[in-house]
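Sequence order for the protein chains is B and E. At position 19 of the first sequence (counting the first as 1) the number is 31 in my numbering, and the numbers step up by one without a gap. At position 335 of the second sequence (counting the first as 1) the number is 345 in my numbering, and the numbers step up by one without a gap. Glycine is no exception: its CB is placed at the ideal position from the N, C-alpha and C atoms. Notes for the one structure printed next.
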Amino acid sequence: MTDYAPIRVLGVGNVLTSDDGLGPTVIKHLEAKYTFPEAVEIIEVGTPGLDFTPYLADAALVIVLDAVRAKDAPGSVRIWRDEELLKAPPVARTSPHEPGLREALMATELTDSSPGNIVLIGVVPETLEAGTGLSSTVNAAVSEVEALVLNELENLGEAAIPRSEPQEPDLWWL
Amino acid sequence: MAQMITIDPITRIEGHLRIDVEVDRGKVQKSWSSGQMWRGIEKILEGRDPRDAWIFTQRICGVCTTVHAIASVRAVENALDIEIPLNAQLIRNLLVSAHCLHDHIVHFYHLSALDWVDVVSALKGDPKGASKLAESLSPWPGNSVKELQAVKDKLAGFVSRGQLGIFTNGYWGHPAMKLHPDVNLLAVSHYLQALEYQKKANQVVAILGGKTPNIQNLAVGGVANAINLDNEATLNMTKLYAVKGLLEEVQRFVEQVYLPDVAAIGAMYAPWLSYGAGVTNYLSVPDLPTDTKGTTFDLPGGTIFNGDLATTREFESFDDPYFRDNITENITRAWYEDTEETRHPYQGQTNPAYSELDHDGKYSWVKAPRFDDQVMQVGPLAQVLVGFAGGHKLTQKWATWMLKTAGSIAGAKLGPGVLHSTLGRHAARAIRAAVIADTAVSHWQRLVENIGGGDTTSFTPWEYPKGEVQGFGFHEAPRGTLSHWVVIEDGKIKNYQCVVPSTWNAGPRDDKDRMGPYEASLIGNPVADPERPLEVLRTIHSFDPCLACAIHTLDPDGNEVSKVRTL
Chain B
13 MTDYAPIRVL GVGNVLTSDD GLGPTVIKHL EAKYTFPEAV EIIEVGTPGL
63 DFTPYLADAA LVIVLDAVRA KDAPGSVRIW RDEELLKAPP VARTSPHEPG
113 LREALMATEL TDSSPGNIVL IGVVPETLEA GTGLSSTVNA AVSEVEALVL
163 NELENLGEAA IPRSEPQEPD LWWL
Chain E
11 MAQMITIDPI TRIEGHLRID VEVDRGKVQK SWSSGQMWRG IEKILEGRDP
61 RDAWIFTQRI CGVCTTVHAI ASVRAVENAL DIEIPLNAQL IRNLLVSAHC
111 LHDHIVHFYH LSALDWVDVV SALKGDPKGA SKLAESLSPW PGNSVKELQA
161 VKDKLAGFVS RGQLGIFTNG YWGHPAMKLH PDVNLLAVSH YLQALEYQKK
211 ANQVVAILGG KTPNIQNLAV GGVANAINLD NEATLNMTKL YAVKGLLEEV
261 QRFVEQVYLP DVAAIGAMYA PWLSYGAGVT NYLSVPDLPT DTKGTTFDLP
311 GGTIFNGDLA TTREFESFDD PYFRDNITEN ITRAWYEDTE ETRHPYQGQT
361 NPAYSELDHD GKYSWVKAPR FDDQVMQVGP LAQVLVGFAG GHKLTQKWAT
411 WMLKTAGSIA GAKLGPGVLH STLGRHAARA IRAAVIADTA VSHWQRLVEN
461 IGGGDTTSFT PWEYPKGEVQ GFGFHEAPRG TLSHWVVIED GKIKNYQCVV
511 PSTWNAGPRD DKDRMGPYEA SLIGNPVADP ERPLEVLRTI HSFDPCLACA
561 IHTLDPDGNE VSKVRTL
């Protein structure tokens, strides 16, 4: 247990459905190239539903990386912050997956453990077909997302430290 | 005149479930269940090393990760005839038990209780009345007037800010909502407490599995947990005691909160003990093995036909041909093409061929699995009925408790027959949670005693045979019977098929035009208000549907919401 509020970088998505693997891919790139201050946790969380809640709870800042559905062109990078994420109503409960990020955030409100701030860095996918590996369009956005994460951390005085010998990212699913 | 209602929730999940029902004179006359996404993940496995299959299969579904990992290693071990150490078996049992407790608690409180509990009405609840009622049902310390007043204040705070947060999309004030405001208040307070307890169950998964979701400690041949009671880096006494503490806390919550809540809701919505039976052929598999081979189990499983407990036949081992030889999947009404419409999973093919949704033709991505050519219902109810019929002590203890408690609240005598129903499925899930909590605590004891006796092995070394072998692995997952089927050629996967619980329950009609369990369960369901078909959701939710098993994308702008179309 820590006695300070952590900063969590969460890679969300399924590596078996093409561009949905964006979040995990960025996490693997970050891990391969940098080490992080003690307060920063870098986690690949998959597609957790309500299990999202513990990753959000009591954090100073949560940075979520994910494929997002938006009207922009595939490969576009968009950022949402705090209230923008809570504006839309929750979706109906039809399966355990339905509680998503928004619902998990609302659940932390109920238990008085909301994160201080939350940032969603999203990339619009080109394909979500079953298969491993990002489309070239979305792959081209990986370094931009990476830079945005580094920037967020630096702004909080918790900058990532480049490894003296960067490793190859562990993209085991390819 | 008959009216067609479509419930087509387009959410962040691609692989969603669509239900069409035809309603006449306030009751469902016809229904169709349609899975709206093709799950092509099995194809990704072809040509890969079977040792890695579990790492991939646990990503089939973001919620049911552990269960696909377990079924996969069991399938490969079955194909290669590997016996695993007792420690590995028990550690896996603790993992799946904790996962299941987490899953059952979340399902009842956070995914389905609000079909029965009116959050807005809870604002009118009296904390004193609610506390008095609770104390008559349970010794749980979290039912004090003070606690309930705090929940009421919190809820009132939300409403005064003009928002209900996570409670926004409910059918509040619906005529089918019948609970007294005090009961609603009590249930909302347990909803909040359940958020804490599901987390504790998940912590057990994280301690033993290294991480959740997507555990990291499995291996074909056992588990990757090194065991040394005094070493900080391995599975040691500190970690084991943390597991025990958490399991006991969850066990208490299940017995003192979850069970009484389900009994009370069952009693107060008694008509729902007669709706929703549908298919009364049941299939479950034995689990929580207590030996290294998988021939003795602490959780029974088997088949029951036509709701007749006298027909119960249990499966006897991980290699039982009664299971292996009787499973088929049919694609007559599903969007696939194949030269054979019905195949055994070892020969299973997955060739998608989408056409328009046609109620008289093909209308789903879900195949129709059959056992000995019969439609089967899977899930906790199937497992509890087999245990009840076969004299399984813990099942009988908690099932009897449930029927007696619900009966005394309702002022009626309730027999096991009421379990064949919408609320019976919820009751069975709670009964099963209690059985699993008790069993997990006893398996913890066995594990510690076995390690204490000097056995620290957790992995059996093995080698690939030349040529072709095949195997199957099953697991009684929270949503029911899950099986993985693998064909291995020269150490590479040649074919891989998963027959998942929601396929059994959500599957479409078949070559003989027989409805699947969701479809059959809806026939005769009341629908008071076609614009707000709460009653249809009640019955579908009681199965704990989990159709997605694949994709999700966040939709931060919230453009898509569940759609209820009345045609």
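Nonlocal neighbours in the same chain, by C-beta distance under 6 Å from residue i, ignoring five residues either side
i, result
"Trp185 of chain B", "Val27 and Thr144"
"Ser126 of chain B", "Thr120"
"Pro417 of chain E", "Position check: residue 417 of chain E holds Gly in this sequence, whereas Pro was assumed. Here the set comprises Lys423 and Leu424."
"His112 of chain E", "Gln208, Ala211 and Asn212"
"Val264 of chain E", "Ala443, Ala444 and Ala447"
"Leu196 of chain E", "Ala140 and Ala144"
"Ser107 of chain B", "Any reading at Ser107 of chain B must be qualified, since the residue scores a pLDDT of 42, below 50, and its modelled position is unreliable; the value itself is stated next. Counting only Cβ-Cβ distances below 6 Å, and skipping sequence neighbours, we find nothing."
"Leu69 of chain B", "Checking the displayed sequence, the identity of residue 69 of chain B turns out to be Ala instead of Leu. Only Thr120 and Ser125 meet the Cβ criterion."
"Gly317 of chain E", "Thr290 and His430"
Expected contact under 8 Å - CB spacing of residue i and residue j to nearest Å
i, j, result
"Leu532 of chain E", "Val31 of chain E", "6 Å"
"Leu298 of chain E", "Val388 of chain E", "That belief does not hold up - the Cβ atoms of Leu298 of chain E and Val388 of chain E are roughly 17 Å apart, past 8 Å."
"Val135 of chain B", "Val74 of chain B", "18 Å between Cβ atoms; not a contact."
"Thr513 of chain E", "Gly50 of chain E", "14 Å between Cβ atoms; not a contact."
"Gly462 of chain E", "Ser82 of chain E", "Incorrect: roughly 31 Å between the Cβ atoms, too far for contact."
CB of residue i within 9 Å of CB of residue j, strictly
i, j, result
"Leu147 of chain E", "Pro270 of chain E", "yes"
"Pro86 of chain B", "Pro137 of chain B", "yes"
"Asn235 of chain E", "Thr248 of chain E", "no"
"Ala9 of chain E", "Thr467 of chain E", "Nothing can be reported for residue 9 of chain E: it is not among the residues displayed for chain E, which extend from 11 to 577."
"Ala79 of chain E", "Gln39 of chain E", "no"
"Val267 of chain E", "Ala447 of chain E", "no"
"Leu239 of chain E", "His453 of chain E", "no"
"Thr352 of chain E", "Ile94 of chain E", "no"
"Ile92 of chain E", "Trp472 of chain E", "yes"
"Glu545 of chain E", "Pro536 of chain E", "yes"
"Pro390 of chain E", "Arg435 of chain E", "yes"
"Leu98 of chain B", "Val24 of chain B", "no"
"Arg58 of chain E", "Lys522 of chain E", "no"
For residue j and residue i, the rounded distance between their alpha carbons
i, j, result
"Leu256 of chain E", "Ala152 of chain B", "44 Å"
"Ile173 of chain B", "Leu42 of chain B", "10 Å"
"Leu54 of chain B", "Ile115 of chain E", "Contrary to the premise, residue 54 of chain B reads as Ile rather than Leu in this sequence. When rounded, the distance between both Cα atoms is 28 Å."
"Pro543 of chain E", "Gly219 of chain E", "40 Å"
"Arg61 of chain E", "Lys504 of chain E", "13 Å"
"Ala287 of chain E", "Glu529 of chain E", "11 Å"
"Asp308 of chain E", "Ala108 of chain E", "15 Å"
"Ser44 of chain E", "Met525 of chain E", "12 Å"
"Leu22 of chain B", "Thr47 of chain B", "16 Å"
"Leu457 of chain E", "Arg102 of chain E", "11 Å"
"Arg114 of chain B", "Gly72 of chain E", "16 Å"
"Pro527 of chain E", "Ile550 of chain E", "10 Å"
"Thr119 of chain E", "Ser131 of chain E", "It should be pointed out that residue 119 of chain E corresponds to Tyr in this sequence rather than to Thr. Approximately 17 Å, taken between the alpha carbons."
"Ala71 of chain B", "Phe64 of chain B", "13 Å"
"Gly1 of chain E", "Val215 of chain E", "No statement about residue 1 of chain E is possible, as the shown extent of chain E runs from 11 to 577 and does not include it."
"Ser30 of chain B", "Thr149 of chain B", "11 Å"
"Pro355 of chain E", "Leu205 of chain E", "38 Å"
"Pro475 of chain E", "Trp42 of chain E", "45 Å"
"Gln489 of chain E", "Lys40 of chain B", "In the sequence on display, residue 489 of chain E carries Arg and not Gln. If you take the alpha carbons of Arg489 of chain E and Lys40 of chain B, they lie about 32 Å apart."
"Arg548 of chain E", "Pro36 of chain B", "36 Å"
"Ile15 of chain E", "Glu158 of chain B", "46 Å"
"Arg439 of chain E", "Leu404 of chain E", "14 Å"
"Ala160 of chain E", "Gln203 of chain E", "12 Å"
Cβ-based neighbour list, residue i, same chain, cut-off 7 Å, excluding 5 preceding and 5 following
i, result
"Ile217 of chain E", "Lys249, Ala252 and Val253"
"Pro178 of chain B", "Ala44 and Lys45"
"Pro49 of chain B", "Glu170"
"Asp241 of chain B", "There is simply no residue 241 of chain B to check, as chain B begins at 13 and stops at 186 in what is shown."
"Glu180 of chain B", "Ala44"
Residue i beta carbon near the ligand PLP (any heavy atom closer than 8 Å)
i, result
"Val38 of chain B", "No copy of the ligand PLP occurs in the structure displayed, which carries no ligand at all."
8 Å Cβ shell around residue i - same chain, five flanking residues per side excluded
i, result
"His109 of chain B", "Below a pLDDT of 50, predicted positions are generally treated as unreliable, and His109 of chain B, at 44, falls in that range; the measurement from the model is reported next regardless. Excluding residues within five positions, the ones whose Cβ falls inside 8 Å are Thr59 and Gly61."
Inset, instruction - Scan the region 170 to 188 of chain E for residues whose Cβ lies nearer than 7 Å to a Cβ of chain B and list them as they occur along the chain. - result: Listed in sequence order: Gly175, Ile176, Thr178 and Asn179.
Inset, instruction - Would you list, in chain order, the members of the region 118 to 148 of chain B that have their beta-carbon closer than 8 Å to a beta-carbon of chain E? - result: Against chain E - using a Cβ distance shorter than 8 Å - the residues of the region 118 to 148 of chain B are Met118, Ala119, Glu121, Leu122, Thr123, Leu132, Gly134, Pro137, Leu140, Glu141, Ala142, Gly143 and Thr144.
Inset, instruction - Could you please tell me which residues of the region 50 to 61 of chain B, in chain order, have their CB closer than 9 Å to any CB of chain E? - result: Residues of the region 50 to 61 of chain B with a C-beta less than 9 Å from any C-beta of chain E: Ile55, Glu56, Val57, Gly58, Thr59, Pro60 and Gly61, listed in chain order.
Legend entry - Residues of the region 94 to 122 of chain E whose Cβ lies closer than 9 Å to any Cβ of chain B, in chain order: Residues passing the 9 Å Cβ filter: His112, Asp113, Val116, His117, His120, Leu121 and Ser122.
Inset, instruction - Return the residues of the region 192 to 210 of chain E that lie within a Cβ-Cβ distance of less than 9 Å from chain B, sorted by chain order. - result: Look at the region 192 to 210 of chain E: the residues with a C-beta under 9 Å from a C-beta of chain B are Tyr201, Leu202, Leu205, Glu206, Gln208 and Lys209.
Inset, instruction - May I ask you to list, following chain order, the residues of the region 446 to 457 of chain E that have a beta carbon less than 9 Å from some beta carbon of chain B? - result: When CB distances to chain B are screened at a threshold of 9 Å, not a single residue of the region 446 to 457 of chain E falls below it.
Legend entry - Members of the region 57 to 84 of chain E that neighbour chain B once the beta carbon cut-off is set at 9 Å: So the close ones are Asp62, Ile65, Phe66, Gln68, Arg69, Ile70, Cys71, Gly72, Val73, Cys74 and Thr75.
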